[in-house]
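> Taken in sequence, the protein lines are chains X and P. For the first sequence, our numbering begins at 891 and goes up steadily by one. For the second sequence, our numbering begins at 23 and goes up steadily by one. The C-beta atom is built at its ideal place from N, Cα and C for all residues, glycine as well. There's a structure below that I have some questions on.
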Amino acid sequence: MNWQALSLALFGELHAIARTGDVIHGTAQLGPELTIAVVGTADHAAIGVETALAQAQFVLDTVVNHPGRPILLLVDTQGQRLRRRDELLGLNRYMAHLGCCVDFARRSGHRVVGLVYDQALSGGFITSGLMADACYALPEAEIRVMRIPAMSRVTKISEDLLEALSLTNPVFAPGVANYVAMGGIQALWSGDLKQDLLDALAATNTVDARATLGAERGGRALAARVVQQVLVA
Amino acid sequence: MNPHLSFAELNARERVIQLLDPGSFREMLGPAERIVSPHLSLLGVPYAFDDGVVIGSGLLQNQPVLIAAQEGRFMGGGVGEVHGAKLVGLLQRALQVRPAAVFVLAESGGVRLHEANAGLIAVSEVMRAVLDVRAAGIPVVMLIGGANGCFGGMGLIARCADHVVMSDQARMSMSGPEVIESSHGVEEFDSRDRALVWRTTGGKHRYLMGDCDWLVEDDLDAFRDVAIALLGQSKVLTLQNLLDEQRMLTDRLSQVGDCDEATEIWRHFGVQTPDRVADMDAEQLRALNASQVKGIS
């Protein structure tokens, strides 16, 4: 789904979301008294220094000018931009700054919800949707670090074995269902998207419970247990 | 003082033991407990009894600290499910015991691709845990000096910490040169051009840019001295800090965003002899930064 169709499905005509470069930003009305700030990227954007900085600016503007206003992070990215110039300028610092701004908004009383509406890849996802109180996805979205053929080349493990293992273990293969099973995605939004958003805002939790969720769902058996073992070691 | 010990040449456990007060390190979930990655054995790949990260508590200058060290020789220090959870657990423990600092000796290529989905989520969990500890007024200090650098998700985690310390041999960035070269060709980034790689991602560049706060020689005692200086030195993130960071990063883009080479950036920021930076040692770099360089964060 593209960002215009998504905005329409979420908010009807009651939104002022615009696009500048790869960044989408604006506000929408969820009710007479409820405005939500919306920021994210479109068309599988590569997250470079400008894209990270523009999103951070929007989050900070919201914190400064509209304390407490909920924030929706819309994720559609091919990952970080793979250019020497971005590394020269310190892309990890720009992206981490975005993550810190999202985290600060959460701590300052803004409810922050992420939504993967098309594609989420590796680094581009870590500092946006995965820093929200909770991240959701559309069922047709794609989330991955790497496709199986590429993973096979890097790890020197046959595609057949990776494919076979991915049927029973969600850590190997792309797919939103795997991220739900591991607790990285809270739930899929497949009904009335506006109602899903309202429910998500009502349910947000500032404590990071994803490891526990992954254990309950059977997709990430060890993470929560290991954390607990360290706490009592 | 020890005779010179290269930080880079030590393994993770040796670094921890040498950094802390003698005999004070107590490892948690150590190799004897054999808490290993279940995913690697499914793939027929060798696993490690500590999943490539050493964690525990100890004393530094008689002050209690928590510490983690990634083992770059095991899967490049890649973050998998167990590895990431050990880091998260250590950081959560810091909230309970309130040490004088949490040290992370980072050496990692980022997400471990053999368990990529779990590693990706784990990196974001570590980021949030670091920021929780930081918000509680407990300093998180990244010490980066291993041969494998600090890349990908670990590069993001590093920049969430209160302080970043690098050796002049260390590297920190998002994507590694090999990844960029394989994506956009050797003209974009020649990963075998060692000098170019260091100018773009190395400790000296990061220090001159202000992306690392301290630059030291590849020497265990040099890291230890800075670690001691940073005990209790918390930098809680405030709105003003974030607004300042936003302004600095915006200025950086407008001032040097068109530079193609690190030497151009250094010259812009007031380094009068950028061609000599490669030959300078950490002490000369620090002196340069104090005397010449203007306009960096």
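(1) Shortest alpha-carbon distance to X:W996 belongs to which of X:L1055, X:L904 and X:S1018?
(2) X:V1066 touches chain P at which residues, Cβ-Cβ below 9 Å?
(3) Would you report the Cα separation of P:W288 and P:L230, rounded to the nearest angstrom?
(4) What I want to know is whether the C-beta of P:A30 ends up closer than 7 Å to one or more non-hydrogen atoms of the ligand SAM.
(5) Taking three-plus beta-carbon pairs below 8 Å as touching, is the region 240–256 of chain P in contact with the region 185–200 of chain P?
(6) Straight-line CA distance for X:L1087 to X:G938?
(7) Hey, how far is the Cα of P:A128 from the Cα of X:Q894?
(8) Counting only runs that start and end within the region 36–92 of chain P, where is the alpha helix (DSSP H) found for 4 or more residues in a row?
(9) For X:R909 and X:T941, what's the separation of their Cα atoms in angstroms?
(10) Rounded to whole angstroms, what is the Cα-Cα separation between P:H26 and P:D240?
(11) Is the separation between the beta-carbon of X:H915 and that of X:Q968 shorter than 8 Å?
(12) Using 8 Å as the Cβ pair cut-off and three pairs as the minimum, do the region 163–183 of chain P and the region 1031–1042 of chain X touch?
(13) Taking the Cβ atom as the reference point for each residue, do P:L237 and P:L310 lie within a distance shorter than 8 Å?
(14) Got a sec? Which residues, its chain only, sit under 6 Å from X:L979 by beta carbon, not counting five neighbours each side?
(15) Identify the continuous beta strand (DSSP E) that holds P:S189 and give its terminal residues.
(16) With respect to the beta strand (DSSP E) encompassing X:E1032, which residues constitute its N-terminal and C-terminal limits?
(17) Considering only their Cβ atoms, is the gap separating X:A1024 from P:L178 smaller than 8 Å?
(18) Whole beta strand (DSSP E) runs in the region 958–1044 of chain X with 3 or more residues, listed along the chain?
(19) For X:Y1007, tell me which candidate among X:G1065, X:G911, X:A906 and X:R1110 has the shortest Cα-Cα distance.
(20) Closest to P:M50 by CA distance: which of P:R35, P:M97, P:T223 and P:D301 is it?
(21) Can you tell me which of the three DSSP states P:Q306 falls into?
(22) Does the beta-carbon of X:G1104 have 16 or more other beta-carbons within 10 angstroms, so that it is buried, or is it exposed?
(23) DSSP beta-bridge partners for X:L1078?
(24) P:R269 CB to nearest chain X CB: under 8 Å?
(25) Using CA atoms only, rank isn't needed, just tell me which of P:L42, P:F71 and P:P86 is closest to P:P121.
(26) Is it right to say P:T222 is buried, meaning 16 or more other beta carbons lie within 10 angstroms of its own, or is it exposed?
(27) Give the residues of chain X in contact with P:L265, contact being defined as C-beta atoms less than 9 Å apart.
(28) Could you name the residues of chain P that X:E1032 contacts, counting a contact when the two beta carbons are closer than 8 Å?
(29) Which residues in chain P have a C-beta closer than 7 Å to the C-beta of X:P1060? List them in chain order.
In short:
(1) Taking the first sequence and counting its residues from 1, one reaches residue 996 of chain X at position 106. According to the sequence displayed, residue 996 of chain X carries Arg and not Trp. Cα-wise, what sits closest to X:R996 is X:S1018.
(2) The sequence position of residue 1066 of chain X within the first sequence is 176, counting from 1. Those within 9 Å of X:V1066 in chain P number zero; the least Cβ separation is about 11 Å.
(3) As a first step, residue 288 of chain P must be located in the second sequence, where it is residue number 266. As a first step, residue 230 of chain P must be located in the second sequence, where it is residue number 208. The alpha-carbon atoms of P:W288 and P:L230 are separated by roughly 7 Å.
(4) The ligand SAM is absent from the structure shown, which contains no ligand whatsoever.
(5) yes
(6) Counting from 1 along the first sequence, the entry for residue 1087 of chain X is found at position 197. Counting from 1 along the first sequence, the entry for residue 938 of chain X is found at position 48. Approximately 28 Å, taken between the alpha carbons.
(7) For this step, residue 128 of chain P is matched to residue 106 along the second sequence. For this step, residue 894 of chain X is matched to residue 4 along the first sequence. Approximately 41 Å between the Cα atoms of the pair.
(8) 60–64
(9) On the first sequence, residue 909 of chain X is found 19 positions in, with the first residue counted as 1. On the first sequence, residue 941 of chain X is found 51 positions in, with the first residue counted as 1. One C-alpha to the other measures close to 12 Å.
(10) Within the second sequence, numbered from 1, the residue matching residue 26 of chain P stands at position 4. Within the second sequence, numbered from 1, the residue matching residue 240 of chain P stands at position 218. One C-alpha to the other measures close to 9 Å.
(11) On the first sequence, position 25 is the one that residue 915 of chain X refers to. On the first sequence, position 78 is the one that residue 968 of chain X refers to. No. Outside cutoff.
(12) no
(13) Reading the second sequence from its first residue, position 215 is the one you call residue 237 of chain P. Reading the second sequence from its first residue, position 288 is the one you call residue 310 of chain P. No, these two residues do not count as a Cβ contact at 8 Å.
(14) Translated into the one-based positions of the first sequence, residue 979 of chain X becomes position 89. Excluding residues within five positions, the ones whose Cβ falls inside 6 Å are V939.
(15) Here residue 189 of chain P refers to the residue found at position 167 of the second sequence. H185 to S189 is the span of the beta strand (DSSP E), which, as asked, contains P:S189.
(16) If you number the first sequence from 1, residue 1032 of chain X lands on position 142. Here the beta strand (DSSP E) through X:E1032 covers E1032 to R1034.
(17) For the purposes of this step, residue 178 of chain P is taken as residue 156 along the second sequence, with counting starting at 1. For the purposes of this step, residue 1024 of chain X is taken as residue 134 along the first sequence, with counting starting at 1. No, the Cβ-Cβ distance between P:L178 and X:A1024 is not below 8 Å.
(18) 961–965, 967–970, 1002–1006, 1009–1011, 1024–1027 and 1032–1034
(19) On the first sequence, position 117 is the one that residue 1007 of chain X refers to. Of the candidates X:G1065, X:G911, X:A906 and X:R1110, the one whose C-alpha sits nearest the C-alpha of X:Y1007 is X:G1065.
(20) Here residue 50 of chain P corresponds to residue number 28 of the second sequence, with the count starting at 1. Looking at the Cα atoms, P:R35 is the closest of the given residues.
(21) Position 284 of the second sequence holds residue 306 of chain P. Residue state, collapsed to three classes: helix.
(22) The residue labelled residue 1104 of chain X in the question sits at position 214 within the first sequence. Buried is the call here.
(23) For the purposes of this step, residue 1078 of chain X is taken as the residue at position 188 of the first sequence. In DSSP, X:L1078 forms a bridge with X:A1027.
(24) On the second sequence, position 247 is the one that residue 269 of chain P refers to. With 8 Å as the cut-off, P:R269 does not count as an interface residue toward chain X.
(25) For this step, residue 121 of chain P is matched to residue 99 along the second sequence. Nearest option by C-alpha distance: P:P86.
(26) What you label residue 222 of chain P is simply residue 200 of the second sequence in a count that begins at 1. It counts as buried.
(27) One-based indexing of the second sequence puts residue 265 of chain P at position 243. Result: L950 and V954.
(28) For the purposes of this step, residue 1032 of chain X is taken as the residue at position 142 of the first sequence. Per Cβ cutoff of 8 Å: no residues; X:E1032 is ~12 Å from chain P at best.
(29) Locating residue 1060 of chain X in the first sequence gives position 170, counting from the first residue. In chain order: N139.
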